[in-house]
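Asks: Position one of the sequence shown corresponds to residue 21 (my numbering), numbered consecutively onward. I'd like to ask you about the structure that follows.
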Amino acid sequence: MRQPNYGKDTGLTLRIMFTMFMLGIVWVVFMGLLFWAGIPWFFIMGFAVVGVLFQYFSSEKIVLMTTGAREVSPEEEPWLHSTVERLAQMADMPKPGKIAIMETHVPNAFATGRSPNHAIVAVSRGLLSRLDQREIEAVLGHELTHVKNRDVAVMTWASLIVIAAGYLLQMMFWMSLFGGFGGRDRREGGGNMMMIMLAVYVGTWAIYLIAQVLIMALSRYREFAADRGGAMLTGAPMQLASALSKISNDMYRIPEQDLRNVEHANAFMFVPALKGNNVAKLLSSHPTTEKRIEKLQEMQREMDRGFPYRA
């Protein structure tokens with residue numbers, strides 16, 4: 021049995037494509053800056069690629085370790101395994117290699133892994149105890165959509181420019197401390213070199229910040245896409261909206277210390293483990309809960325009318 025098809029979200033697809041196009045423009049500007057300053061781009065890129073590859077191949081292990089999630093067998097959690105397997109079949113994808121439980125009462129879930137065959141889907145005890153089965157199915161559908169869309173791989177490689185720019189900024193900072201540029205006699209061009217490096221420093225900071233904003237925008241769009249995919253998979257957008265509402269409301273009643281135990285993995289979570297509006301919208305990895313619920317309500321109305329949902 022495969023998921024029903026309610027039409028493509030053309031508006032969301034275009035926004036994702038435009039954001040990735042803008043990231044490409046930022047890449048061109050960054051490489052142009054390196055060539056103009058005579059900085060060995062291959063050296064910078066080499067370190068950045070190594071960092072991204074490390075994240076790419078070890079993300080699932082890092083997230084499991086930082087969240088304290090524990091892999092569970094079908095004998096330990098038969099309903100969870102069977103539900104994930106059924107939803108994966110409906111999504112026409114392999115069942116994730118690992119199913120895990122976070123032993124915390126913070127209600128949340130995440131999916132990670134570089135491909136469907138190397139994926140992990142995890143839920144917390146708090147989520148299992150607070151939501152009913154249909155709401156849990158909707159959350160699992162959301163997470164499986166992340167896996168099917170290879171969002172971890174997309175976001176990891178999209179962050180390459182931020183890693184490269186960050187590495188260059190660190191390198192220039194240490195060079196400035198030890199007189200690495202601008203310290204020679206002005207007759208040897210030290211003054212010009214200092215101005216060039218200052219321009220590169222300011223330009224790299226601008227590229228770093230712009231790229232970060234674009235990457236966070238891309239992350240928010242892919243959260244919308246996962247919401248939509250999960251709702252299509254289960255055919256029940258309002259079940260996902262209900263889960264979002266319950267989890268977000270419960271976040272305000274969770275002790276701060278418990279939230280800190282999982283907030284370092286916020287980018288992977290179904291709902292960020294944060295209280296209040298303490299993250300600027302432009303630098304948030306997730307859309308607001310209100311906006312997500314609003315989109316799901318729009319989707320439900322279109323489905324009730326019998327028309328394909330479009331953004």
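Heads up, the beta-carbon is just placed ideally off N, CA and C, and yes, glycines get one too. Keep in mind the model is a prediction, meaning the values are calculated, not measured.
May I ask you to report which of helix, strand or coil DSSP gives Glu-322?
Replies: helix
Asks: Along the alpha helix (DSSP H) that carries Phe-290, what are the first and last residues, could you check?
Replies: Where Phe-290 is concerned, there is no enclosing alpha helix (DSSP H), given that its DSSP letter is neither H nor E.
Asks: Spell out the partners DSSP gives Ser-135 in its beta bridges.
Replies: None; Ser-135 has no bridge partner.
Asks: Based on Cα-Cα distance, which residue from Leu-234, Gly-31, Met-113, Gly-133 lies nearest to Ser-78?
Replies: Gly-133
Asks: Thinking C-beta only, is Thr-176 closer than 8 Å to Val-46?
Replies: Against a cut-off of 8 Å, the Cβ pair of Thr-176 and Val-46 comes out as no contact.
Asks: Counting beta carbon pairs with one atom in the segment 175-194 and one in the segment 50-66, are three or more of them shorter than 8 Å?
Replies: yes
Asks: Going by Cα to Cα distance, which pick from Ile-119, Ala-245, Ala-158 is closest to Glu-95?
Replies: Ile-119
Asks: For a test of the three-state rule: what should DSSP assign to Ser-144, helix, strand or coil?
Replies: Secondary structure at Ser-144: strand, using DSSP grouped into helix, strand and coil.
Asks: Please state the DSSP three-state secondary structure of Ala-178.
Replies: helix
Asks: Within a Cβ cutoff of 7 Å, which residues of the same chain sit near Leu-148, ignoring the five residues on either side of it in sequence?
Replies: Ile-156
Asks: Which runs of the beta strand (DSSP E) spanning at least 3 residues fall entirely within the segment 48-95, listed in chain order?
Replies: 89-91
Asks: Residue range of the alpha helix (DSSP H) that Ala-120 falls in?
Replies: Taken as a continuous stretch (DSSP letters only), Ala-120 belongs to no alpha helix (DSSP H), being part of the beta strand (DSSP E) at 118-122.
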